[in-house]
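Start counting the sequence shown at 1; every next residue gets the next number (full-length UniProt numbering).
In this text, a Cβ means the ideal position worked out from N, Cα and C, and glycines have one as well.
Since we're looking at a predicted model, the values are computed, not measured.
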Amino acid sequence: MRFASHRDIARALERALRRAGVPVAFSAGFTPHPKISYTGAAPTGVASEAEYFELTLAEPCDPGQVRVRLDGAMPEGLDVTEVVEAAAGGLADRLEASEWKVELPGVAPDDAAAAAAAYLAAETVEVERLTKKGRRRFDTRSAVVRLEVDDRATMGQDVTYTILRMVVRHTTPAVRPDDVVTGLRQVADLAPLSSPVMTRLAQGPLDGVSAAIADPFAAERAAARYTGREGAVPGSGTAQADPDGRADFGPRPSAPTRSAPDG
Numbered sequence: 001m002r003f004a005s006h007r008d009i010a011r012a013l014e015r016a017l018r019r020a021g022v023p024v025a026f027s028a029g030f031t032p033h034p035k036i037s038y039t040g041a042a043p044t045g046v047a048s049e050a051e052y053f054e055l056t057l058a059e060p061c062d063p064g065q066v067r068v069r070l071d072g073a074m075p076e077g078l079d080v081t082e083v084v085e086a087a088a089g090g091l092a093d094r095l096e097a098s099e100w101k102v103e104l105p106g107v108a109p110d111d112a113a114a115a116a117a118a119y120l121a122a123e124t125v126e127v128e129r130l131t132k133k134g135r136r137r138f139d140t141r142s143a144v145v146r147l148e149v150d151d152r153a154t155m156g157q158d159v160t161y162t163i164l165r166m167v168v169r170h171t172t173p174a175v176r177p178d179d180v181v182t183g184l185r186q187v188a189d190l191a192p193l194s195s196p197v198m199t200r201l202a203q204g205p206l207d208g209v210s211a212a213i214a215d216p217f218a219a220e221r222a223a224a225r226y227t228g229r230e231g232a233v234p235g236s237g238t239a240q241a242d243p244d245g246r247a248d249f250g251p252r253p254s255a256p257t258r259s260a261p262d263g
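Here is the structure:
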């Protein structure tokens with residue numbers, strides 16, 4: 001699924017919403033379209049465990065039931081892990097940074113650690129990337145908050161192999177993990193034997209002290225606790241479907257849910 005484009009995933013989501021019977025609101029005008037807003041989508045070729053979108057519904061629905069029905073209607077490899085009722089403020093303002101895991105085949109951990117240290121010691125690390133407006137050169141160093149070798153992930157490997165963890169601020173232009181790998185090649189001649197496998201692990205507010213990613217749904221969870229609906233927020237709830245696959249959002253008996261695999 002990491003080779004699916006953002007447009008592919010958007011089409012799959014819209015089909016799944018129709019199959020699940022989720023009452024999506026549509027825009028007005030001559031060509032109505034579903035009110036879905038995507039934020040910070042991962043680039044093609046990158047896997048992710050933390051992609052978000054905002055959805056406007058035409059009527060109130062239980063978040064847990066929406067999650068179960070939508071997850072069941074999505075194709076294999078696309079899993080809806082959580083649905084929350086939106087609080088005030090846009091989601092895009094909370095997604096300040098992303099945490100990435102980058103697997104580097106053929107790179108020794110000591111070499112990767114030395115390259116990361118050289119990268120962090122540099123004031124600027126400029127790379128060049130082809131964009132819609134042509135080739136553009138920009139600095140990647142200022143966006144990288146943390147860059148380190150994951151020692152626990154490289155222990156016990158029979159082959160030369162390294163995993164890098166990095167936290168990167170969301171900037172304009174966006175600095176992607178492959179841009180950082182390109183920067184490592186420039187400052188330390190670090191080159192994996194094959195294309196790195198990159199996975200986004202989290203995105204959300206950035207803790208400036210610990211350089212960690214905070215929970216982007218903290219406001220929603222606080223509101224759920226205040227109203228006593230916390231149990232219905234984080235991916236809970238069940239729903240049944242009619243023989244055509246449409247969801248029934250009314251009261252129904254409990255049913256087992258499908259757990260989402262990693263990745």
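Using a Cβ-Cβ cutoff of less than 7 angstroms, which residues in the same chain neighbour A122 once the five nearest sequence positions on both sides are dropped?
R141 and V187
Give the DSSP bridge partners of Y161, in chain order.
Under DSSP, Y161 takes part in a beta bridge, and its partners are P105.
Sorted by chain position, which residues of the same chain lie with C-beta nearer than 7 angstroms to A112's C-beta, five sequence neighbours on each side aside?
L104, V149, T162, L164 and L190
L95: which of K132, V168 and G106 sits nearest, CA to CA?
V168
Close beta carbons around T171, own chain, < 7 angstroms, minus the five adjacent residues each side:
Excluding residues within five positions, the ones whose Cβ falls inside 7 angstroms are A143.
Buried versus exposed, by CB contacts within 10 Å (16 or more), T199
Its Cβ being crowded by 16 or more others within 10 Å, T199 is buried.
Does DSSP classify E14 as helix, strand or coil?
If DSSP states are grouped into helix, strand and coil, E14 belongs with the helices.
If distances are taken between C-alpha atoms only, which option among L55, M1 and P109 comes closest to P192?
P109
Proximity winner among S210, E85 and L130, relative to residue 269 (alpha-carbon distances):
There is no way to answer for residue 269, as the model of the chain reaches only from 1 to 263.
Just the C-alpha distance for S48 and A97, rounded to the nearest angstrom, thanks.
Cα to Cα, the separation comes out at about 14 angstroms.
Whole-angstrom distance between A211 and R69, CA atom to CA atom
36 angstroms
Within this structure, are the beta carbons of P196 and W100 separated by less than 8 angstroms?
no
Would you call the CB atoms of T31 and A92 closer than 8 angstroms?
no
Any idea if L17 is buried or exposed, counting beta-carbon neighbours within 10 angstroms, 16 or more meaning buried?
buried
Taking the alpha helix (DSSP H) that T182 belongs to, which residues open and close that run?
P177 to A188
According to DSSP, is L206 helix, strand or coil?
The DSSP-derived three-state label of L206 is strand.
Evaluate the contact criterion for the region 50-64 versus the region 131-141: three or more CB pairs, one atom per stretch, below 8 angstroms.
no
What span of residues does the alpha helix (DSSP H) with L70 cover, start to end?
P63 to A73
Tell me whether L147 is buried or exposed, calling it buried when 16 or more other Cβ atoms sit within 10 Å of its Cβ.
buried
Within 10 Å of its beta-carbon, does R152 have 16 or more other beta-carbons around it, so buried, or fewer, so exposed?
exposed
Going straight from the alpha carbon of R15 to that of Y226, what length do you get?
35 angstroms
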